[in-house]
Structure formats: structure tokens, C-alpha cells
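Undergrad:
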Amino acid sequence: MNNQPLKVAVLGCGVVGTEVVRRLRASHAALADRIGAPVEIAGIAVRDPRRPRGLDIDPALFTNDPLELVKRDDVDIVVELLGGIEPTHSLVAAAMEHGASVVSANKALVAAYGPELHGAAARAGVDLLYEAAVAGAVPLLRPLRDSLGGDEVTRIVGIVNGTTNYILDRMTQKGSAFDAELRQAIERGYAEADPTADVEGADAAAKAVILASLAFHTWVPPAEVYREGITGVTVQDVADARAHDCVVKLLAVLERTAGEDDVMVRVHPAMVPRTHPLADVGGADNAVVVEAAGAGRLLFRGAGAGGTPTASAVVGDLVTAARRRLLGHRETASPATVTGRVRAMSDVRSRYHLSVPVTDSVVALDDIAAVLRAHDVRVDSVQRRRTAGPDAWVLVTEVSGESALRAAVQAIAGLPSVGAAPRFLRMLEPVEEEAAVG
Ligand code: HSE
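According to our numbering, the stretch in the sequence shown is residues 3 to 440, in order.
1. Just curious, the beta strand (DSSP E) that THR156 is in, first and last residue?
2. Measuring only the C-alpha atoms, how far is SER29 from SER106?
3. Look at the alpha carbon of ALA254 and the alpha carbon of MET273, and state the distance between them as a whole number of angstroms.
4. Figure out for me which residue from VAL23, ALA11, ALA214, SER405 has the closest Cα to the Cα of GLY309.
5. Could you tell me if VAL240 is buried or exposed, where buried requires 16 or more neighbouring beta carbons within 10 angstroms of its beta carbon?
6. What is the rounded straight-line gap between the Cα of ASP319 and the Cα of PRO141?
7. In terms of DSSP beta bridges, what is ILE414 paired with?
8. Going by CA-CA distance only, name the one from SER419, ASN167, ARG326, GLY306 that's closest to HIS270.
9. Nearest to ARG343 by alpha carbon, out of VAL41, ALA199, THR220?
10. Taking the runs of the alpha helix (DSSP H) that are 4 residues or longer, which of them lie wholly in the region 61 to 131?
11. If you draw a straight line from the alpha carbon of ALA193 to that of ALA204, how long is it in whole angstroms?
12. Quick one, are the C-beta atoms of VAL72 and ALA113 less than 8 Å apart?
13. Counting along the chain, where does the alpha helix (DSSP H) carrying TYR168 start and finish?
14. Determine the direct distance from the alpha carbon of GLN238 to that of LEU374, and round the result to whole angstroms.
15. Please state whether DSSP places GLY304 in a helix, a strand or coil.
16. Identify, in the order they occur along the chain, each residue of the same chain with its Cβ nearer than 7 Å to the Cβ of GLY403, setting aside the five sequence neighbours on each side.
17. Taking 7 Å as the cut-off, does the CB of GLU21 come closer than this to any heavy atom belonging to ligand 1?
18. So the alpha helix (DSSP H) LEU329 belongs to, where does it begin and stop?
19. Where does ALA338 sit, in a helix, a strand or coil, going by DSSP?
20. Residues in the same chain with beta-carbon distance under 7 Å from ALA422, minus the five sequence neighbours each way, listed in chain order, please.
21. So who's on the other strand from GLN385, going by DSSP bridges?
22. ASP287 lies in the beta strand (DSSP E); which residues open and close that run?
23. Considering just the uninterrupted stretch of the beta strand (DSSP E) at SER357, what are its terminal residues?
24. Assuming ARG147 contacts LEU256 under a Cβ cut-off of 8 Å, what Cβ separation, rounded to an integer in Å, is found between them?
25. With a threshold of 7 Å (Cβ to nearest heavy atom), would ALA193 be considered close to ligand 1?
26. Tell me the rounded alpha-carbon separation between GLY138 and LEU84.
27. Rounded to whole angstroms, what is the Cα-Cα separation between GLY19 and GLY261?
28. Could you spell out where the beta strand (DSSP E) holding ARG268 opens and where it closes?
29. Where do the N-terminal and C-terminal ends of the alpha helix (DSSP H) with ALA214 fall, by residue?
30. So if DSSP puts ARG332 in a beta bridge, which residue, or which two residues, is it bridged to?
31. Using 8 Å for Cβ pairs, my map puts ALA124 next to ALA95. What's the rounded Cβ distance?
32. Helix, strand or coil: which one does DSSP assign to SER348?
33. Where do the ends of the beta strand (DSSP E) carrying ILE43 lie?
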């Protein structure tokens, strides 16, 4: 192997960055064989270069000037692990302008600036790769872009946030409350610097934007992704789900009607039947079901968060970018080639689990039934829940329109026999029936 070493600048040395650097050092010879040239670290940009990081590495490689690092002429690939939007966006743009390919794990950045960054990569003739940005270690973006590049993806349903899956899984296993499990997820390094992005669904929404760009070839503005997080999911919701042989999961759901450009992209908790392939995805794992016209149903599943798994995907991209650089191949095209309308949440059709606290059970049931009938929401099952607090009626609807359901819920909340605002959760169909509901 006579090729010159490829120089890599690493921006950020947190949980993932430390693992990337460790892997580049530990697998130096093997990576050189796979790539066709050795990979050397040109520098590591961190806030405090003197902070001990447990890495056996020349301290002179650390710098607190990321801009100076990415502009260096000898840097071939920049690995961006800073997170956040600014100054990361400016640094990534500067890196590409100066001729470096970029590997990033930053879903928020790609979701917000994907079209612009791909344009900059095309102009500079460099690669922009971000496999680690969605579903951690699970190879998902490259299969969507390349392996399914000739197919028509029609639907994606996935668990794409490890933190919330960990929290909901623990709530399901232990019957514990949200707050305690969030603390555990933060301690394990699954959560974002600001865990609000995880628990309010923004992290999953950014990942859904990226999935839509690759699966449906359209960039959906993050603000147009319907989003509900899990902060409101209660111990009672988890128990209700169990009573219906379901588990509560935070889902990203992406749909496109075959032959049309319009898309639906949404993130919300849902009751998932235990027979569904997403139901037994535990801990911080992610899993994504992709349906394509030709390929049929495919399942991608594995570690969705954490330093070591995420570093695996980052180093994988680095190997790809390095090989392509050696061969003179460059990614030039944005994955998105069409402009699709984003369909409104009111277009959703689903079964719904409704929980209605009541002050007078008998009167309330009659009133609730009348309201649902008036809104053309049909009921599949009704149960009375007696608790230490107020009684509640628990209803499961047949497949209904979201706008009708919401209007009915609002009307039910105003009934004198109803004690507090009803709570509703969407229910995912068992897998064999899913395709019929959109
Ligand atoms: N906070 C993210 C998650 C990290 O929990 O999924 C991986 O993107």
C-alpha cells in the first residue's frame, strides 16, 4: 500500500468522539488495509484541550479552534460530533468549502440544513455522510439510499430514539414512572445534551426528516413534522396498553401514497400490539420497518444510541468517505429530487384508545356514546376502570379519522358527567392489517 495517509479532523470528543478516536487508533492497521491508505488524526477540536480524556494520544493534537482545524489544507475528512446547529453548521460548511468530506452524526443539523449542505457538498465535490444520525449502529440510511434506490418505499414505521425507548421499556417492565427512568437514560449516555429533544420527540422528528429525504426523495421541513413526545405518558397508559396486549412506544411514521409525491411524517407515542415486530424492541435499541413496492417488508434493528454503537456507524462512514476519496469518487447529488406536499395530521386514520375519567359512570357512558356517534367514531370495545381515584371509561375505537376523533374528544371533555379531559393514544395495527390503514 503506497497511498499517502488520509488526515481526519475530529470535532468534539464526548462519548461518541472518544470512542471514534479510540477505534481509529486501535484498528489503525486493519482500517488501512480496508481503505487502502492509513488514516491519521490531524487534530481534535474540544472546548478544553487540557481536560484528561483517557486517550493514549499526543496532547498536541487537541485544539480549541475548530475553524482553524477544518480549514487546514491537509485535512481530508472532518468528523463532526459537536451536535447542535451553530457553530456546527458554519464549521461543516467551511470544512466542505475547503475541500474536506464530512461525516456527521448530527440529525438536527442534517434535518435543518440538508438541502443546503448537500448543495455545498456537490459544489465542493466532497462527500457528506451521516449514517450515525439515524438509528445509531443500525445500517439504515445507506440501504435506503442505495439498496432500495430503484424501489418505491411506501411506508416506514420505526422506533428511532433510544432514550425514549429505554424509558418506555423500563416503565413497561417495572411499572415505574417517567422521571426516574429519564434520569437513568441520561446516566447511560443515551440522551441528547438537552434531553428535551428526546422526550418531546424533536430528535425522532429530525431523524424522520432524514428518513423521508432518502425514502421519499423529498425534504420535509422539521417544523412540518407532527410531533408528540412521551412526557405525558403515564403509568396508567402503560397499564392500559398491557390490558390490550400492547406496549407503548414512541413511533416515527412516514407514509407516501404510491405514485404520489405527497408525504405524511409524524412522531407520537402509540400502543403497539405485542405481536408486532416493534413491540419487543427493548432498552435503547431502535428498529425500523420499511415497506417498499418491490422489496416488501424489511426490518432493521439494533443499538440506537450510546458511544460504542454510534461510533461504529461513524467509523463506517469514515471508511466509505476515505475509500471514495482515494478512488476520486464524490457524492454529488442530494437524495431529494422531488417536492412533496406534507399531508396534515387530520388525514390520519387509526384506531384510538380513549380513557375518560367520569363523575357519573352510567350517565357518562350514554353521553360519551352519543358524542362519538355524532362524530361518526365507532366503538370496538368499552371497559369500566375502577380506581382509587375517579372511575373511567376506557374505549377502543374502530379505525377513525383523526379530525373526527379530536372533535369528539373535545366535546366529551365538555360533558358535565366527565371529570377531566379524556386522554387518547393511537393504536398501531397488527402487522398483517397495517397496510390497510394509512
Ligand atoms: N439521544 C439519541 C437517542 C441518541 O436517544 O436516540 C442517538 O441519536
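Don't be surprised by glycine CBs; every beta carbon is placed ideally from N, CA and C. Bear in mind that the values here come from a model prediction, so they are computed numbers and not experimental data.
TA: Put simply:
1. Position 154 of the sequence shown, counted from the start, is the residue given in the question as residue 156. Segment 155 to 161, the beta strand (DSSP E) holding THR156.
2. The residue you call residue 29 lines up with position 27 of the sequence shown. The residue you call residue 106 lines up with position 104 of the sequence shown. Whole-angstrom Cα-Cα distance: 20 Å.
3. Reading the sequence shown from its first residue, position 252 is the one you call residue 254. Reading the sequence shown from its first residue, position 271 is the one you call residue 273. Rounded to whole angstroms, ALA254 to MET273 spans 13 Å at the Cα level.
4. What you label residue 309 is simply residue 307 of the sequence shown in a count that begins at 1. Closest option to GLY309, Cα to Cα, is VAL23.
5. In the sequence shown, the residue the question calls residue 240 occupies position 238. So VAL240 ends up on the buried side.
6. Here residue 319 refers to the residue found at position 317 when the sequence shown is read from its first residue. Here residue 141 refers to the residue found at position 139 when the sequence shown is read from its first residue. Near 10 Å, if we compare the C-alpha coordinates of PRO141 and ASP319.
7. Along the sequence shown, one-based indexing puts residue 414 at 412. DSSP output for ILE414 lists no bridge partner at all.
8. Residue mapping note: residue 270 aligns to position 268 of the sequence shown, counting from 1. It is ASN167 whose Cα lies nearest to the Cα of HIS270.
9. In the sequence shown, residue 343 corresponds to position 341, counting from 1. Ranking the options by Cα distance to ARG343, first place goes to THR220.
10. 68 to 72, 90 to 99, 109 to 126
11. If you number the sequence shown from 1, residue 193 lands on position 191. If you number the sequence shown from 1, residue 204 lands on position 202. Each residue's alpha carbon lies about 12 Å from the other.
12. Numbered from its first residue, the sequence shown carries residue 72 at position 70. Numbered from its first residue, the sequence shown carries residue 113 at position 111. No, these two residues do not count as a Cβ contact at 8 Å.
13. Against the sequence shown, residue 168 aligns to sequence position 166. Unbroken alpha helix (DSSP H) run through TYR168: 164 to 176.
14. Numbered from its first residue, the sequence shown carries residue 374 at position 372. Numbered from its first residue, the sequence shown carries residue 238 at position 236. About 23 Å.
15. Your numbering for residue 304 matches position 302 in the sequence shown. Residue state, collapsed to three classes: strand.
16. Within the sequence shown, residue 403 is the residue found at index 401, counting from 1. Excluding sequence neighbours, GLY403 sits near ARG351.
17. Indexing the sequence shown from 1 puts residue 21 at position 19. Because no heavy atom of ligand 1 lies under 7 Å away, the Cβ of GLU21 does not count as near it: no.
18. For the purposes of this step, residue 329 is identified with residue 327 of the sequence shown, where counting begins at 1. Taken as a continuous stretch (DSSP letters only), the alpha helix (DSSP H) holding LEU329 covers 309 to 329.
19. The residue given as residue 338 occupies position 336 in the sequence shown. ALA338: coil per DSSP, three-state reduction.
20. In the sequence shown, residue 422 corresponds to position 420, counting from 1. Excluding positions up to five away in sequence, the list reads PRO359.
21. Taking the sequence shown and counting its residues from 1, one reaches residue 385 at position 383. GLN385 pairs with VAL396.
22. Along the sequence shown, one-based indexing puts residue 287 at 285. Run containing ASP287: 287 to 294, per the beta strand (DSSP E) assignment.
23. The residue given as residue 357 occupies position 355 in the sequence shown. Unbroken beta strand (DSSP E) run through SER357: 351 to 359.
24. Taking the first residue of the sequence shown as position 1, residue 147 is located at position 145. Taking the first residue of the sequence shown as position 1, residue 256 is located at position 254. At roughly 15 Å, the Cβ-Cβ gap does not stay under 8 Å, so ARG147 and LEU256 are not in contact.
25. Against the sequence shown, residue 193 aligns to sequence position 191. Indeed, a heavy atom of ligand 1 lies less than 7 Å from the Cβ.
26. The residue given as residue 138 occupies position 136 in the sequence shown. The residue given as residue 84 occupies position 82 in the sequence shown. Going from the Cα of GLY138 to the Cα of LEU84 covers about 16 Å.
27. Position 17 of the sequence shown holds residue 19. Position 259 of the sequence shown holds residue 261. Those two C-alpha atoms are separated by around 42 Å.
28. On the sequence shown, residue 268 is found 266 positions in, with the first residue counted as 1. Where ARG268 is concerned, the enclosing beta strand (DSSP E) stretches over 265 to 275.
29. The sequence position of residue 214 within the sequence shown is 212, counting from 1. Taken as a continuous stretch (DSSP letters only), the alpha helix (DSSP H) holding ALA214 covers 204 to 217.
30. For the purposes of this step, residue 332 is taken as the residue at position 330 of the sequence shown. For ARG332, which the question treats as bridged, DSSP gives no partner whatsoever.
31. Stepping through the sequence shown from its first residue, residue 124 is reached at position 122. Stepping through the sequence shown from its first residue, residue 95 is reached at position 93. Wrong, their Cβ atoms sit about 13 Å apart, outside the cutoff.
32. Working through the sequence shown from its first residue, we reach residue 348 at position 346. The answer is helix: DSSP assigns SER348 an H, G or I state.
33. Locating residue 43 in the sequence shown gives position 41, where the first residue counts as 1. Unbroken beta strand (DSSP E) run through ILE43: 41 to 47.
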